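Chains as they are written, first to last, in our numbering: chain A, 1 to 166; chain B, 167 to 740. Cβ coordinates follow ideal geometry from the N, Cα and C atoms, glycine included. Note that the structure is predicted; figures quoted are calculated from it, not measured.
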Amino acid sequence: MRSIISVLLENESGALARVVGLFAQRGYNIESLTVSPTNDLTLSRMTITTEVDCPATLEQMMKQLHKLVDVLRVSELTEGSHVERELMLLKVRTPNSDIREEIKRNADIYRGQIVDITPNLYTIQLTGACSKLDAFLKTIAETSEIVEVVRSGVCGIARGEKALRG
Amino acid sequence: MEMLSGAEMVVRSLEDEGIEHIFGYPGGSVLDIYDAIFKTDKIEHYLVRHEQAAVHMADAYSRVTGKVGVVLVTAGPGATNCITGIATAYMDSIPLVVLSGQVPTNWIGDDAFQETDMIGVSRPVVKHSFLCRTAEEIPIAIKKAFYLASTGRPGPVVIDLPKDIQSPLHKFPYEYPKTVNLRSYNPTLSGHKGQIKRALTALLAAKKPVLYVGGGSVIANASKQILALAEKLNLPVTNTLMGLGAFPGEHKQNVGMLGMHGSYEANLTMHNADLIFAAGARFDDRVTNNVDKFCPNAKIMQIDIDPTSISKNIHVDLPIVGSVEIVLQQMLDLLDETKVTNDSESINAWWDEINEWRAKDCFAYETSDTHIKPQQVIECLYKVTKGDAIVTSDVGQHQMFAANYYPFKEPRQWINSGGLGTMGFGLPAAIGCKIAFPDRPVVCVTGDGSIQMNIQELSTCMQYNIPVVILLLNNRSLGMVKQWQKMFYGGRQSHSYMDSVPDFVKLSEAYNHIGIKVDTIDQLEPALERAFELKDRVVFIDVAIDPEEHVYPMQIKFGSMNEMYLSKTEKTDA
Chain A
1 MRSIISVLLE NESGALARVV GLFAQRGYNI ESLTVSPTND LTLSRMTITT EVDCPATLEQ
61 MMKQLHKLVD VLRVSELTEG SHVERELMLL KVRTPNSDIR EEIKRNADIY RGQIVDITPN
121 LYTIQLTGAC SKLDAFLKTI AETSEIVEVV RSGVCGIARG EKALRG
Chain B
167 MEMLSGAEMV VRSLEDEGIE HIFGYPGGSV LDIYDAIFKT DKIEHYLVRH EQAAVHMADA
227 YSRVTGKVGV VLVTAGPGAT NCITGIATAY MDSIPLVVLS GQVPTNWIGD DAFQETDMIG
287 VSRPVVKHSF LCRTAEEIPI AIKKAFYLAS TGRPGPVVID LPKDIQSPLH KFPYEYPKTV
347 NLRSYNPTLS GHKGQIKRAL TALLAAKKPV LYVGGGSVIA NASKQILALA EKLNLPVTNT
407 LMGLGAFPGE HKQNVGMLGM HGSYEANLTM HNADLIFAAG ARFDDRVTNN VDKFCPNAKI
467 MQIDIDPTSI SKNIHVDLPI VGSVEIVLQQ MLDLLDETKV TNDSESINAW WDEINEWRAK
527 DCFAYETSDT HIKPQQVIEC LYKVTKGDAI VTSDVGQHQM FAANYYPFKE PRQWINSGGL
587 GTMGFGLPAA IGCKIAFPDR PVVCVTGDGS IQMNIQELST CMQYNIPVVI LLLNNRSLGM
647 VKQWQKMFYG GRQSHSYMDS VPDFVKLSEA YNHIGIKVDT IDQLEPALER AFELKDRVVF
707 IDVAIDPEEH VYPMQIKFGS MNEMYLSKTE KTDA
C-alpha cells in the first residue's frame with residue numbers, strides 16, 4: 001500500500017541524513033522524498049512517499065521517525081482527505097510541426113506549460129498528482145521521443161483544519 | 167564572565183556535569199583537551215589500551231552506577247575503534263557521551279590525516295550526535311548530550327570536536343547551561359491513566375499471568391515496584407538476559423530466565439500463560455523463538471518508554487508508554503485504592519502447573535571424574551562470593567552458564583552485552599565496574615575466545631591497580647559456535663577450535679598479575695577463595711573445563727517457546 005508521510009523536523013545539518021539513514025537501516029523503501037524549509041526557517045517540512053506491506057510496518061515506520069531527536073511531528077496523509085502535487089519538467093524531441101502541434105495540444109489538455117523551446121525541443125512543465133504525470137508521460141511517449149524527465153517527488157498537505165505545526 | 171578556550175570548556179562542562187571518571191586515549195586532534203585534563207584534579211582519566219575498551223568501561227560504569235559514562239578519543243581510528251562499543255551501548259540502551267576529536271573545520275571533507283566522518287559512521291548506532299563548529303557551541307552541546315543520553319530510552323550520544331575550536335589561543339565567555347529544552351524531544355514518563363486501569367483490570371482477571379521483566383526495568387530502577395506487584399498478586403516472574411537481578415534471583419516466584427537458553431519452567435510459563443505483562447522488555451528474537459507460534463493463548467500487555475519497542479515483533483493488546491518505575495507505581499497506587507485482588511484459587515492452580523515444570527530440574531547436569539563442568543565453576547563462584555559479586559561477562563556459553571547458575575540478588579549486579587553480543591566486553595566492563603565500586607568484588611566470567619578480544623586491558627589494570635578477578639572457562643574452543651556446529655552442521659568444527667591458546671598464567675604474570683591454573687575440581691574453590699581474598703591484585707583463574715559441554719535448555723529453532731532441547735539426548739515432545 002502506498003503511503004505519504006509528512007515530517008516536520010529541525011532545519012539542522014544532519015537531520016535529513018538521519019531520516020534517510022533510518023529508512024536504509026530498517027529496510028524501508030522511499031519512493032520519493034522532498035524537503036525544504038518552511039515559513040519558520042528553523043523548521044523543515046519533508047514529504048516521503050513509500051510502499052509498505054502492511055499497516056504495522058507503516059506504524060513502526062512512523063514511530064521510528066518520531067523517535068529521531070530532530071523530528072517534531074509525523075503524520076500520514078492518505079488516511080484522510082489531502083492534496084498531493086508533484087512537479088515534472090520534461091524535454092521532448094519536436095522534429096516537425098505536426099509533432100510540435102500535437103505536443104502543444106496535449107500539454108494544454110493536461111494544463112502543462114511549455115517553458116523552453118529550441119528548434120528541435122520543447123521543455124514542458126506539468127504539476128499534479130503522480131497518476132496525472134504518469135498519464136501525460138505515456139501520452140507524450142506515443143507522440144515523440146522523450147529526451148529527459150525530472151520529477152520533484154510528491155509534496156502533500158492535509159485538507160481542512162488539520163495542520164502540522166511546530 | 168569567565169573566559170575559557172574550547173578545550174577548557176570541554177573539561178569544565180564535564181566537571182559542571184558532575185563527571186568524576188572518564189575513559190579515553192589521546193591523539194593529535196584532542197591534545198588541547200588532554201592538556202586541559204592535565205590541569206584538572208576533579209576528573210580522573212583512565213588511559214586504556216584500545217578505544218573499544220574505553221567505551222566498554224564507560225558503558226559498564228554506567229550500567230553499574232546508573233550514571234552517564236564518558237569517553238574521550240581522538241579522530242579517525244580513535245573514533246572508529248569506538249564503534250563496536252557504541253553499538254553495544256546502543257543495543258542495551260546505555261547512556262554514554264562519547265567525545266571524539268576531529269580534524270580542523272576547514273579541513274573537513276579534504277581527506278585530511280586521521281579524518282573520518284564520525285557523525286556519519288556512528289549515525290546508525292547513536293541516539294543522537296553533535297558536530298560542534300565553534301567553541302561557543304561546546305557547553306550547550308555537552309549539556310544536551312547528557313540530557314539526551316540519560317533521559318527517555320537512554321543511549322549513546324557522540325560529540326565531534328574539530329581541533330581548531332579547541333585552541334588554547336582563543337578564549338570565549340563560558341557558562342554551563344542550567345537547563346535544556348528541546349522542542350522535538352519530550353519522552354513520556356507517566357502512563358496513560360485509562361490504559362493503566364485497563365491493564366490492572368486485565369491483570370486481576372488473568373488466571374495464568376506472568377510478569378516478563380527486561381533490561382528497561384533495571385534502567386528505570388523499578389525493582390521495588392516489580393517486587394511489590396509480584397508479591398501482592400502472587401505472580402510468576404521471568405527475567406530476560408538483560409533483566410536479571412531486576413527481580414531477586416532466588417525469590418520463590420522467580421521462574422528463571424526465559425528464551426533461547428531460558429529455563430524450562432520460564433518458557434513453559436510464558437507459552438501457557440493467558441496474560442503476559444512485559445515490563446521494559448522488547449520481545450527480542452532470543453526470547454520469542456518463532457513469532458508465529460508465540461504464546462498462542464496470551465493477551466499481551468507491555469510497558470515501555472520507547473513507543474517503537476511496542477508491537478514491533480509481537481502485537482501488543484494493551485500498550486502503556488512510560489517509565490516502568492512510574493507506570494508500575496501508578497498501578498500499585500490504583501491497586502491500593504481499589505482494594506481488589508486477583509482470584510487466589512486460579513493463581514494457586516497456575517502455580518501448581520508451574521511447580522510441575524520446575525520439578526523437571528532443567529539445570530541439572532552430570533558431573534564427571536575427569537572434567538570440570540562449567541556449571542560447577544559458576545556454582546562455586548556463587549558460593550565463594552555469597553552471591554554478592556558484580557559479575558561481568560563476555561559472550562558465548564560461559565555467558566549463558568553465568569546467567570543461569572548465578573542467581574542475581576539485585577539489579578546492576580549482572581553486566582553483559584545482551585543486545586549486540588559483543589565478545590571482548592567482559593574485561594573492560596569489569597574494570598569499569600571496579601572503578602565505580604572499588605570495595606565490591608568484581609569478577610569477569612569469560613571464555614578463551616572472548617578474553618583474547620580485549621586482553622590488552624590487563625595492562626590498564628596494571629597501570630591503575632584495578633584488582634578485578636578474571637574467571638576463564640577455558641574449553642579451548644569457541645564453545646557456542648562449536649555447540650551449533652555439533653548440533654546443526656554435522657559436527658564439522660569449522661574454525662571454532664583454538665589451536666594455540668596462550669599460557670594465561672604466564673600472560674597474567676607478564677602484566678604483574680596473579681595467574682592460577684585450575685585443572686581439577688578440588689583446586690577450584692581454593693583458587694576462588696584466594697582470588698577474592700587478595701583485594702589488591704588482579705587474579706586470573708584459568709579453569710580447564712569440559713570442552714564437550716553444551717548449554718541447555720535450548721529452544722528448537724522455528725518452534726514455539728515451549729519447544730526445547732533439554733540435553734544432548736532429550737527434547738520436549740512437541
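Going by the DSSP bridge assignment, what does residue 745 of chain B pair with across the sheet? Because chain B in this structure spans residues 167 to 740, residue 745 of chain B falls outside the shown range and cannot be described.
For residue 294 of chain B, list the residues DSSP reports as bridge partners. DSSP links residue 294 of chain B through a beta bridge to B/323.
For residue 358 of chain B, decide whether its Cβ has a neighbour in chain A, counting only Cβ atoms nearer than 8 Å. No, residue 358 of chain B does not count as interfacial toward chain A.
Just the C-alpha distance for residue 245 of chain B and residue 238 of chain B, rounded to the nearest angstrom, thanks. Rounded to whole angstroms, residue 245 of chain B and residue 238 of chain B show a C-alpha spacing of 9 Å.
Starting from the Cα of residue 410 of chain B, find the closest Cα among B/398, B/395, B/397, B/429 and give me that residue. A check of alpha carbon separations from residue 410 of chain B across B/398, B/395, B/397, B/429 identifies B/429 as the nearest.
Output the distance between the C-alpha atoms of residue 292 of chain B and residue 100 of chain A, rounded to the nearest integer angstrom. Cα to Cα, residue 292 of chain B sits roughly 56 Å from residue 100 of chain A.
Run through the DSSP bridge pairs and tell me what residue 127 of chain A is partnered with. Its beta-bridge partners are A/87.
Since residue 285 of chain B meets chain A, which of its residues come closer than 7 Å, beta carbon to beta carbon? Going along chain A in sequence order, the residues near residue 285 of chain B (Cβ under 7 Å) are 14.
For residue 467 of chain B, is the classification buried or exposed, using 16 other Cβ atoms within 10 angstroms of its Cβ as the cut-off for buried? With 16 or more Cβ atoms within 10 Å of its Cβ, residue 467 of chain B is classed as buried.
Quick one: list the residues of chain A neighbouring residue 450 of chain B, beta-carbon separation under 9 Å, in chain order. Per Cβ cutoff of 9 Å: no residues; residue 450 of chain B is ~15 Å from chain A at best.
Between residue 638 of chain B and residue 654 of chain B, what straight-line distance do the alpha-carbon atoms span, to the nearest angstrom? Taking the straight line joining both Cα atoms gives about 26 Å.
Helix, strand or coil for residue 510 of chain B per DSSP? Per DSSP, reduced to three states, the secondary structure at residue 510 of chain B is helical.
Mapping the DSSP letters down to three states, classify residue 313 of chain B as helix, strand or coil. In this structure, residue 313 of chain B counts as helix in the three-state DSSP scheme.
Once DSSP output is grouped into helix, strand and coil, what is the label at residue 382 of chain B? Three-state DSSP puts residue 382 of chain B in a helix.
Could you check where the alpha helix (DSSP H) with residue 251 of chain B kicks off and where it finishes? Boundaries of the alpha helix (DSSP H) harbouring residue 251 of chain B: 249 to 257, taken from the DSSP string.
Every unbroken beta strand (DSSP E) within the region 482 to 509 of chain B, with a cutoff of 3 residues, ordered by chain: Taking only runs of at least 3 residues, the beta strand (DSSP E) segments lying wholly in the region 482 to 509 of chain B are 484 to 487.
Return the Cβ separation of residue 65 of chain A and residue 20 of chain A in integer angstroms, given the expectation that the two are a contact with Cβ distance under 8 Å. The pair is not a contact, with the Cβ atoms about 11 Å apart (cut-off 8 Å).
Indicate whether the contact test is met: 3 or more Cβ pairs, each with one atom in the region 148 to 161 of chain A and one in the region 312 to 328 of chain B, closer than 8 Å. Flag = no, the region 148 to 161 of chain A and the region 312 to 328 of chain B do not touch.
Limits of the unbroken beta strand (DSSP E) element including residue 639 of chain B: Per DSSP, residue 639 of chain B belongs to the beta strand (DSSP E) from 635 to 640.
Beta-carbon neighbours of residue 348 of chain B, restricted to chain A and to distances below 8 Å: Correct list: 69.
If we ignore side chains and look at the alpha-carbon of each, how far apart do residue 500 of chain B and residue 363 of chain B end up? Between residue 500 of chain B and residue 363 of chain B, the C-alpha separation is close to 8 Å.
Label residue 168 of chain A either buried or exposed according to how many other C-beta atoms from any shown protein chain fall within 10 Å of its C-beta, with 16 as the threshold for buried. Within the shown structure, residues of chain A are numbered from 1 to 166, placing residue 168 of chain A beyond reach of any answer.
Which residues does DSSP pair with residue 267 of chain B in a beta bridge? Note: residue 267 of chain B sits in a beta bridge opposite B/327.
Please list, in chain order, the residues of the region 308 to 328 of chain B that have any C-beta partner in chain A closer than 7 Å. Using a CB distance below 7 Å, the part of the region 308 to 328 of chain B facing chain A consists of 314, ordered along the chain.
Under a three-way DSSP split, which group does residue 609 of chain B fall into? Strand.
Alpha carbon to alpha carbon, how far is residue 126 of chain A from residue 405 of chain B? Give it in angstroms, no decimals. Roughly 60 Å separates the two Cα atoms.
Rounded to whole angstroms, what is the Cα-Cα separation between residue 591 of chain B and residue 507 of chain B? Computed Cα separation, rounded: 44 Å.
In this structure, what does DSSP give as the bridge partners for residue 403 of chain B? In DSSP, residue 403 of chain B forms a bridge with B/377, B/420.
Short of 9 Å Cβ to Cβ, which residues in the region 58 to 86 of chain A face chain B? Taking 9 Å as the Cβ-Cβ cut-off against chain B, the residues of the region 58 to 86 of chain A that qualify are 59, 60, 63, 64, 66, 67, 68, 69, 70, 71, 72, 73.
Determine the burial state of residue 81 of chain A: buried for a count of at least 16 other Cβ atoms within 10 Å of its Cβ, exposed for fewer. Classification of residue 81 of chain A: exposed, given that the 10 Å Cβ count is below 16.
Residues of the region 11 to 42 of chain A with a CB closer than 8 Å to any CB of chain B: list them in chain order, please. Within the region 11 to 42 of chain A, the residues whose Cβ lies closer than 8 Å to some Cβ of chain B are 13, 14, 17, 18, 21, 25, listed in chain order.
Can you check which of these residues, B/306, B/357, B/320, B/316, is closest to residue 346 of chain B by C-alpha distance? Nearest option by C-alpha distance: B/306.
Looking at the secondary structure, which residues open and close the beta strand (DSSP E) in which residue 117 of chain A lies? Run containing residue 117 of chain A: 113 to 118, per the beta strand (DSSP E) assignment.
Residue 175 of chain A: first and last residue of the uninterrupted beta strand (DSSP E) it sits in: Missing from the structure shown is residue 175 of chain A; chain A here goes from 1 to 166 and no further.
Nearest neighbour of residue 397 of chain B, chosen from B/510, B/286, B/223 [CA to CA]: Considering only alpha carbons, the answer is B/510.
Inter-residue spacing [alpha-carbon to alpha-carbon] between residue 109 of chain A and residue 102 of chain A: Between residue 109 of chain A and residue 102 of chain A, the C-alpha separation is close to 11 Å.
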